[in-house]
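Written below as structure tokens is the structure these notes are about.
Numbering (our numbering), first residue to last: 41 to 175.
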């Protein structure tokens, strides 16, 4: 669901199926807490920071190119969501994308996002795990 939107908006940062939300947010957070041994307060702060990054990356903001070498910018994240691409800019911290050669840092929004026009309207199909990437 998350990658089907035709345009990046801040609410898209939280546009996931219930299965994703339970699996990633709840179970992922619990497992992370147990594995690292961090106290609940630290994990909560980490969740707030990652949520801020996600909201920022999905905002339609113009940001300076240099910022893209520190954190992922909205313009860079749009490449990750670009129609037919979905193979770059995976990390909130560009260092990992630079190391694995998946880093793209355009000066402006250059691509259409999503699967195809109106794919985001097929919410029911996505919730039923149907492949909506094909028109």
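Backbone N, C-alpha and C define an ideal beta-carbon position, used for all residues, glycine too.
Exercise. Where does residue 103 fall in DSSP's three states?
Worked result: coil
Problem set entry | Euclidean distance between Cα positions of residue 66 and residue 103 | 32 Å
For this session: Please name the residue in 110, 106, 56 and 98 whose C-alpha comes closest to that of residue 119.
Result: 98
Exercise. Taking residue 184 as the reference, which of 47, 57, 49 and 140 has the closest Cα?
Worked result: Because residue 184 is not part of the residues shown, which for the chain are 41 to 175, the question remains open.
Exercise. How is residue 153 classed by DSSP in three states: helix, strand or coil?
Worked result: strand
Exercise. Between residue 91 and residue 52, what straight-line distance do the alpha-carbon atoms span, to the nearest angstrom?
Worked result: 12 Å
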